[in-house]
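Following the numbering used here, the residues of the sequence shown are numbered contiguously, the last one being 1751.
For every residue, glycine included, the Cβ atom is placed at its ideal position computed from N, Cα and C.
From a predicted model like this one, the values you see are computed outputs, not experimental measurements.
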Amino acid sequence: MLEIIIHGFTNEKLTTFVSPEGKIFVPPVGELCVRDRSLAEFPKYLKAQLSRHLKQFDVSCLLMSFRTFRVQILGEVKSPGSYLVNPLTRVSDVITTAGGLSAVASYRQIEVRRDNGNVEKSDLFKLLRMGDSSQDKTLRAGDVIYVPLARESVVVKNGVVRPGKYELKEGETLGDILTHAGSLVPDIAVSEASIERIGKDGQKEIIKLNLDDKAESRGTVLRDGDIVTIPPMLLYQGSVKVIGELVGADTFQKTVNRLSGATELLKVGTYRLRKGERVRDLVYNLGGPTVKADLEAARIERTGNNGELEAVQIDLSKALADPSSDQNVALQVGDTFMLPPLPDNIYILGEVGRPGAYPYNIGIEIREYLTQAGGFTNHARISSARVIRVANPKPRIFSLDLRKVLQGEETVDFSFRAGDVLFVPRSEIVGWRDIVTVLSEAYFVRSLIQTIFPK
């Protein structure tokens, strides 16, 4: 309800109601549309209309009471329904009246569906955390407020004023979310920030970031489920070198195996070690092993108290499956963690026509491998063959009577694996130098020969 006062040669006071269509009746002008006009600009508009009929006058207006109308609120609120409001009511007011948002509601994708078909978005997070009042829309008759589910989110674990879970809007970057989470706290390792995410192949990925490089790192577009970590400096006590088939070790270089002297082309990386971390922590934090990793051949190389190089063999499959396993070895500053790839060959040595390495293929039987190796020599003792398999802590040996196997009289109770060595001895044991020469590239050669032929 409006009170209109006309000042001039005569003073007149008129009380009028605003219709649901936003119209009023003012004699002698007649019907006027005041919809979408503010109370501050209305007197000027009214004076322009009255000037056609009156001279030397002024107009003032007083809002006596608000018109009320109904709006609906639907979706993730505690009491959805229809509510009576007035033109000064805002989205946040109706949400409060409806009992507030549910635990799974979106704060940032709230829709205001206007009666004319337009849809406006309200981001109440920006209102509450950043004071952006433009996000709190005023309401009109016929409006429908829809609060959807919060579908995408990221977690900022630490390193910021307000760590926690944040709803993610499409296209938002790390810089956007860090702004929402407040400024960075002091004494953090900005060069060791990371994003942990699940890749398209279902494997965990670790993206290393240096927040000192603001343009590049903070421009990283985030995905649903990302976990952002900015660790404190106190966590770090040194580094561990990582060589081999780990997702996070992504630089290839030629590496000398310090135990055998052989040169290998492997993935290499540096891992900043946290206090108390073990092998399992390192592997998971670097994204896990690749599909090519030989989990049974993992090892840690470290310098012992006597200054000599030591190798700690690890069954990584056990360490990953059980954190309390004795295979989940504690790491030390200066360690080198090695995770070699699975070998691509098997080796047929001894009394065969063409001893050497042969491509491994799943399902190929011993007979086919022996054919590739040129069959037996006249000196072969085929009833005493051995299959040597690399395993921690020492190679495993399988005995085979190849005569019976080839004649079908004996069933082989194992399948070849990549890296296996089939050794066919001579009728009389001579010439070990040839065997050592063929196997010299394998780091386990000494323990292998000693295991088969102990002194």
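- The residue among Y1462, E1337, K1700 and N1414 with its C-alpha nearest the C-alpha of I1441 is N1414.
- Per DSSP, H1349 is not a residue of any alpha helix (DSSP H), being assigned neither H nor E.
- Looking at the DSSP output, F1672 sits in a beta bridge with V1648.
- Burial state of M1634 is buried, judged by a 10 Å Cβ sphere holding 16 or more other Cβ atoms.
- Put simply, of L1612, V1625 and F1365 the residue whose alpha carbon is nearest the alpha carbon of L1435 is F1365.
- The C-beta distance from R1699 to I1684 rounds to 20 Å, too long to fall under 8 Å, and the pair is not in contact.
- Fewer than three pairs of CB atoms, one per stretch, sit closer than 8 Å, so the region 1616-1635 makes no contact with the region 1646-1665.
- A Cβ-Cβ contact shorter than 9 Å links R1519 with L1464.
- Taking V1322 as the centre and dropping the five residues before and after it, the same chain places the C-beta of I1300, L1310, T1312, L1328, L1342, Q1345 and L1346 closer than 8 Å to its C-beta, in chain order.
- Cβ-Cβ distances below 6 Å link D1508 to V1486 in the same chain, with the five nearest sequence neighbours on each side left out; the list follows chain order.
- About 5 Å separates the beta carbons of Q1623 and I1610, which is inside the 8 Å limit, making them a contact pair.
- DSSP places L1435 in the coil class of the three-state scheme, outside both helix and strand.
- Residue pairing of T1311 in beta bridges, as defined by DSSP: E1299.
- A Cβ-Cβ contact shorter than 9 Å links P1383 with F1362.
- R1663 carries a helical assignment under DSSP once its states are collapsed to helix, strand and coil.
- Rounded to the nearest angstrom, the gap between the Cα atoms of L1696 and G1646 is 14 Å.
- Positions of the alpha helix (DSSP H) runs, each at least 4 residues long and wholly inside the region 1335-1403, are given as 1338-1346 and 1387-1393 in order along the chain.
- Around the CB of A1617, fewer than 16 other CB atoms lie within 10 Å, so the residue is classed as exposed.
- Around the beta-carbon of I1539, 16 or more other beta-carbon atoms lie within 10 Å, marking it buried.
- Take T1599, set aside five residues on each side of it, and the residues of its chain with a beta-carbon closer than 8 Å to its own are L1605, E1606 and G1630, in chain order.
- By the CB criterion at 9 Å, E1317 and R1333 fall outside the cutoff.
- For T1469, DSSP records a beta bridge to V1517.
- As the crow flies, the alpha-carbon of G1495 is around 6 Å from that of E1501.
- Annotation: the continuous alpha helix (DSSP H) that includes Y1580 extends over V1575 to N1581.
- Residues of the same chain with a CB within less than 8 Å of the CB of L1335, apart from the 5 flanking positions on each side, are C1357 and L1359 in chain order.
- The residues R1404 and Q1431, in chain order, have a CB closer than 7 Å to that of D1419 in the same chain once the five nearest residues on each side in sequence are set aside.
- The shortest CA-to-CA distance from I1658 to any of L1591, S1711 and A1676 is the one to S1711.
- When the five nearest sequence neighbours on each side are left out, the beta carbons in the same chain lying within less than 8 Å of the beta carbon of R1493 are those of K1500, E1501, I1503, R1519, G1521, D1522 and I1523, in order along the chain.
- R1576 places its beta carbon less than 9 Å from that of P1619.
- As a beta-bridge residue in DSSP terms, N1641 pairs with P1655.
- Here G1326 is bridged, per DSSP, to V1322.
- In the three-state scheme derived from DSSP, where H, G and I count as helix and E and B as strand, I1526 is classed as coil.
- Shown here, F1712 sits in coil according to DSSP, grouped into three states, outside any helix or strand.
- Per DSSP, L1698 has no beta-bridge partner at all.
- CA-CA distance, R1713 to K1537, rounds to 29 Å.
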